[in-house]
Amino acid sequence: MKSIKNTPLPMNYQYFTKLFLYVFIFVLPICLIGDFKKMNIDWMLIPVSFIISFVFSVMNKVGEINENPFENNISDIPMTALCNTIERDLKEALGEPFPEKLEAKNGYLF
Numbered sequence: 049m050k051s052i053k054n055t056p057l058p059m060n061y062q063y064f065t066k067l068f069l070y071v072f073i074f075v076l077p078i079c080l081i082g083d084f085k086k087m088n089i090d091w092m093l094i095p096v097s098f099i100i101s102f103v104f105s106v107m108n109k110v111g112e113i114n115e116n117p118f119e120n121n122i123s124d125i126p127m128t129a130l131c132n133t134i135e136r137d138l139k140e141a142l143g144e145p146f147p148e149k150l151e152a153k154n155g156y157l158f
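Number 87 in my numbering belongs to position 39 of the sequence shown; there are no gaps in the numbering.
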């Protein structure tokens, strides 16, 4: 039986991405406050920090969603339908009977 102590843990890169994002969001207003005070618009610090943080958070979420594009989720590449189309085209060219074309379910093609 294998020892659990010697088994390497899988590296979860999403953990580090979120950690760096949260550090960035926390440090951003601290870094901007000096420049905003020099320009006499220190009241704009909160909205500008919020907008910049929001953009980076959305970019992180888009990266999470697109991380595994072949898992047959709604936002993924429809590999089953692509393979079905290729199979149908090849069998039709060879004169063999080909399977039915896959139809969309609830507006989504998997």
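Glycine is no exception: its CB is placed at the ideal position from the N, C-alpha and C atoms.
- Assigned with DSSP and collapsed to three states, Lys153 falls in strand.
- Cβ contact annotation for Asn88 (same chain, cutoff 7 Å, sequence separation greater than five): none.
- DSSP places Glu140 inside the alpha helix (DSSP H), whose first and last residues are Met127 to Leu142.
- Counting only residues of its own chain and dropping the five nearest sequence neighbours on each side, Phe146 has a CB closer than 6 Å to the CB of Arg136, Lys139 and Glu140.
- About 7 Å separates the Cβ atoms of Asp90 and Ile81, confirming a contact at the 8 Å cut-off.
- Annotated as proximal: Leu150 and Asn132, with beta-carbon spacing under 8 Å.
- In this model, Ser97 and Glu148 are separated by some 53 Å (Cα to Cα).
- In terms of Cβ geometry, Phe104 and Phe72 form a close pair [threshold 8 Å].
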